[in-house]
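Here the protein sequences line up with chains A and B, keeping their order. Number 91 in UniProt numbering belongs to position 91 of the first sequence; there are no gaps in the numbering. Number 24 in UniProt numbering belongs to position 24 of the second sequence; there are no gaps in the numbering.
Number of protein chains: 2
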Amino acid sequence: MMDTAALSALSEPKRQQIVELLAEGPLTVGEIAETLCLRQPQTSKHLRVLLEAGIVNVRAEANRRSYSLRPEPFQAMDHWLNAFRNLWMERLDNLDHYLQQLQSKDKKQDR
Amino acid sequence: MMDTAALSALSEPKRQQIVELLAEGPLTVGEIAETLCLRQPQTSKHLRVLLEAGIVNVRAEANRRSYSLRPEPFQAMDHWLNAFRNLWMERLDNLDHYLQQLQSKDKKQDR
DNA sequence: TTATAATATTCCTTTACAGGAATATTCCTG
DNA sequence: CAGGAATATTCCTGTAAAGGAATATTATAA
């Protein structure tokens, strides 16, 4: 199961915007608020939700706080999606082939 | 922006379970309810949400309804994640290399 | 230490949504 | 057409969560 807190946090439009913004690099609360035309308190609230969902990190920098993305939840989503890839990868034989290649690589590493 | 309705639908634990179950193939309401120990009305409600979010399809089959996954939202999530892959793909030089290969392929196609 | 910028929190109100229970609908079978 | 299975819908209630406004906190600079 994919972490529902993370999905829930990302299902809010403005939080998703924040996350997309942070994909380009760490930002402070004020920068985020200004870029997305949000009020500061709401921005802080959204960031708190993202923080508690494990989606962002904070770093205190003097007077301000720099928020940045944590890789784990996105990586987890990517892995979770594996269970669904065959839905749209029509050429399953190619997928099989790919998986076989992975296996042979593993075997090589065993040696 | 990733479709927030889809994410919202998936952020509910039982709906996520339903989706994971459907990943293995289409199922009817009763089958889903029994497998996940849900009551039938709740199951139908969850399926309705998933339906309106574009995550599942229905097919009327005689007395029952068969629900199945639609590939699009998952594919969309996969594409959306591309903006975040550099967060956990440490070897960015490899990614660069890969992108350069893609570009040269495009150029070949132009000729 | 005081003023000020940057950020966080609280309180309030409104809205959305999940679960339970009961009921309605639809479709097959005899 | 009547009965019954499979599914959908409605009503109700409690709870969580978002936005606005005001306020509290923290840390820097003078």
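Virtual Cβ for every residue (Gly too), placed ideally from N, Cα, C. Note that the structure is a prediction, hence the values are computed from the model and not measured.
Residue contact check for B/A83 against chain A: a CB pair falls below 9 Å. One thing to note: B/M1 has its Cβ within 9 Å of the Cβ of A/P13. Membership of A/E20 in the alpha helix (DSSP H) is indicated by the continuous run 13-22. Residue state for A/R70 is assigned as coil, using DSSP reduced to three classes.
For a Cβ distance threshold of 8 Å, residue set F84, L87, W88 of chain B lies close to A/P71, ordered along the chain. Under the Cβ criterion of 9 Å, B/T4 is counted among the residues facing chain A. When C-alpha distances from A/K45 are compared across A/L87, A/N63, A/A9, A/W88, the shortest belongs to A/A9. The C-beta distance from B/L22 to B/S66 rounds to 10 Å, too long to fall under 8 Å, and the pair is not in contact. Going by C-alpha positions, B/E24 is about 14 Å away from A/W88.
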